[in-house]
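From first to last, the protein sequence lines are chains A and B.
Position in the first sequence (first residue = 1) + 58 = this note's numbering.
Position in the second sequence (first residue = 1) + 1280 = this note's numbering.
These notes concern the structure reproduced below.
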Amino acid sequence: MTDTLLKVEDLRVSIPLDNGTLNAVRGISFDVRRGETLCIVGESGCGKSLTSLAVMGLLPKRAKRTATTLAFDGDEIGNLPERRMARLRGDRMAMIFQEPMTSLNPAYTIGDQLEEMFLAHRSDGRRAARARALDLLQKVGITGAERRMGQYPHQLSGGLRQRVMIAMALMCGPDLIIADEPTTALDVTIQAQILHLLIELKREIGLSLVLITHDLGVVARVADRVAVMYAGEIVETGTAQEIFANPQHPYTRGLLDCVPAPGMTKPGEPLGTIPGVVPSLIGELTECAFRERCPLAHDACRRPIPLYPVGPGREVRCVLADRDERTGERRATA
Amino acid sequence: MSNPVLELRDVSRTFRVSRGLMRGKTDLKAVDGVNLTLQRGEALGLVGESGCGKTTLSRMLLGLLAPSSGEVLVDGKPLDAKDRRERARRIQPVFQDPYSSLNPRKTVQQIVATPLDVHNVGAPGDRAKTVLDTLDMVGLPRRVADSYPGQMSGGQRQRVAIARALVMRPEILICDEPTSALDVSVQSQILNLLLELQKELGLTYLLISHNLAVVEHIANRVAVMYLGRIVEVSRTADLFRDARHPYTKALLSSVLTPEPGLGVPDTGLGGAWPNPMDPPTGCAFHPRCPRAMDVCSRVRPATTPTPAGRVECHLETETV
């Protein structure tokens, strides 16, 4: 038993296309400690969802995954055969998807689907599965659990379906849950409830959570640590406090300036913007991926930029990060 | 309140819906006795959870749906079905998803020119120029006129949708979740554009959104909708400082501002979204209300004026 539950080093996902190779995830490394919440934040196309699918071994067939390390609880899982991976998935690591309507099977009852999850991994029999399902439905705040077990997904509201998804992810008592935009499709009130629930459960059970989201409000309120992704790379990591109080990468700063926030931005005043568009992810990057859109771009960024460590657990992919104001020299030595 | 450009008077809309196989039909009151005015040049935000009737309301304003009862007035005059063209000239929609609201087989030029063609505005030769002027207005380069939506980014597509709405030079834009499908960096560009256009053209907005941060940023006034009724209307600043209705308070408390360390609040709302086919008696919010009293389940609360607007809640009459 180690303190680090998930360790990912130099993870790459590439998809061969007619006009070249789409490098969607370009060598990212992170780890998740026991009981910790890591938020991976970024805009569409930055590779955050493919990262989560890559870790779970659920990538589409034509996508190619490589990684120097992909270790779960100290064991390398990068080269496990599909059968062994399937045994792990849903048991010790589980996933919650964005749209619960498409990830639940419309032809089976809630109870059947919850029980199936348990029966696939345990040999305790259907009665135990049913008891566990009832218990968890109550735990995620569903009233009348007994009746809900016999219902079909379409009979439930979006918020209830997402609660069922969470209950399903918890069926086998996983150590790690990866949640990909779990509340994006929901109303703000339901979003607050679901996130509140996830945090409570996490504390109670002590599981680790990887939360993939584009919503900086969610990140700020839920994350212990944050990884900001841009164009398939991690551009900044740090604690939630560090990222929001002292963003170092121009992209992170740009993102934070874009968000209207009651009490923090002035109504009616122009919001910050990030001009331009994300670069093509086909082929290799020859310069900083954010250079075209960066207000601080200069000649030194005309080369691929590595992640510079700027503090314990804090890295920034920018040559300007953590400069000494007096000398203009980088403080930390990379 | 001098100059309402658009007014809803006791507007309701009922749908006949099936209760399921062999169980007959029932009435679903999607919008229930709504009174609302839109002043010239203002931006009114309309917020509420999904299923509360926001979209039905906007469809009635656009004339896409007739009210079951009540009146929709434009400049004080009722508009009926015969005036559809007139209405479309003055009120235009911007929809949520620029991926599905634009015809993928038409060029930007064709998409933006469609309202001009339908209303037969200007000579066909002038229309091309109007389209290009409108593209300038929404910050799109003129060269995209020959592009197809599939060749454009989400933000560009939403600009095309806005251009299509503006090409008739309407007075009122009904924006239904105009940025919900967009990334945050693109969202801020579209919000800035909406603010600029309002200043330049004196537009009136109805902004429907579930994102209260967006509403706070754009709207002067906010109407809060719950299960078909407007439960609170207030000036935006007052609403965010001193909301009166418990539902508004719960909505505001679920806004997650990017402030680390605050955690996720417990809204105290419970998950019991009421069945709109069988709405609760009295105040529709009472089953979820943390401050519900005995009277709330029996009597529908009256509309009480407040310094900044109005509210429908028994607490207002009990305590004052």
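By construction, the Cβ of each residue, glycine as well, lies at the ideal position given by its N, Cα and C atoms.
Within the region 247-263 of chain A, those residues whose Cβ lies closer than 8 angstroms to any Cβ of chain B are, in chain order, T247, I248, Q249, A250, Q251, L253, H254, I257. By a beta-carbon distance limit of 8 angstroms, L365/A does not contact R372/A. Their separation comes to about 10 angstroms. For K1305/B, the enclosing beta strand (DSSP E) stretches over residues 1305-1319. Taking 8 angstroms as the CB threshold, F1375/B stays off the interface with chain A. Interface annotation, F1520/B: in contact with chain A, CB-CB separation under 8 angstroms. When Cβ-Cβ separations below 8 angstroms define contact, D1546/B makes contact with chain A. For G326/A, the closest alpha carbon among the candidates Q1478/B, T1561/B, A1445/B, T1317/B is that of Q1478/B.
No Cβ of chain A is located within less than 8 angstroms of the beta carbon of D1307/B. The beta carbon of L108/A sits closer than 6 angstroms to those of V71, A82, V83, all from its chain and outside the five residues before and after it, given in chain order.
For P1458/B, there is no enclosing alpha helix (DSSP H), as DSSP marks it with neither H nor E. Listed along the chain, the chain B residues whose CB falls inside 8 angstroms of the CB of P318/A are S1468, L1471, A1493, V1494, E1496, H1497.
Around the beta carbon of L1301/B, fewer than 16 other beta carbons sit within 10 angstroms, so the residue counts as exposed. Contact of S1489/B with chain A by beta-carbon distance below 8 angstroms is absent, the smallest such distance being about 10 angstroms. The DSSP assignment places 283-288, 291-297 as complete runs of the beta strand (DSSP E) inside the region 280-335 of chain A, in order along the chain (cut-off: 3 residues). Looking only at N1555/B, F1375/B, P1567/B, the smallest Cα-Cα distance to I1488/B is reached by F1375/B. Contact with chain B is absent for S266/A, since none of that chain's Cβ atoms lies less than 8 angstroms from the residue's Cβ. The beta carbon of P1526/B sits no closer than 8 angstroms to any beta carbon of chain A. Along the region 1420-1446 of chain B, the positions whose C-beta sits under 7 angstroms from a C-beta of chain A are S1433, read in chain order. Contact of G1508/B with chain A is not assigned, every C-beta pair being separated by 8 angstroms or more. Counting the other CB atoms within 10 Å of its CB gives M159/A a total below 16, which places it among the exposed residues.
Comparing C-alpha distances from T1547/B to each of D1574/B, G1541/B, M1557/B, S1533/B shows the shortest one belongs to S1533/B.
Look at D1463/B: its C-beta is under 8 angstroms from a C-beta on chain A. T127/A places its beta carbon 8 angstroms or farther from that of R91/A.
Distance between P1545/B and V66/A, taken at the CA atoms: about 32 angstroms.
Counting along the chain, R70/A sits inside no alpha helix (DSSP H); it lies in the beta strand (DSSP E) bounded by residues 62-75.
Note on geometry: alpha-carbon atoms of S215/A and G199/A lie some 14 angstroms from one another. Contact fails between the region 1510-1520 of chain B and the region 1468-1477 of chain B, because fewer than three Cβ pairs, one in each stretch, are under 8 angstroms apart. With 16 or more other Cβ atoms inside 10 Å of its own Cβ, Y1506/B counts as buried. By alpha-carbon distance to V1575/B, the top candidate from A1588/B, E1598/B, P1556/B, P1559/B is E1598/B. Interface residue (Cβ-Cβ distance to chain B less than 8 angstroms): E101/A is classified as such.
Taking every protein chain shown into account, the CB of L1519/B has 16 or more other CB atoms within 10 angstroms, so this residue is buried. At a cut-off of 8 angstroms, the C-beta of A165/A has no neighbouring C-beta in chain B.
Here the region 295-307 of chain A makes no contact with the region 113-133 of chain A; the two share fewer than three CB pairs at distances below 8 angstroms. For Y366/A, the secondary structure class from DSSP, reduced to helix, strand or coil, is strand. Take P1450/B, set aside five residues on each side of it, and the residues of its chain with a beta-carbon closer than 7 angstroms to its own are R1369, R1370, I1371, Q1372, in chain order. Identification of chain A residues near S1534/B by a Cβ-Cβ cut-off of 9 angstroms yields D245, V246, T247, I248, Q249, A250, Q251, ordered along the chain.
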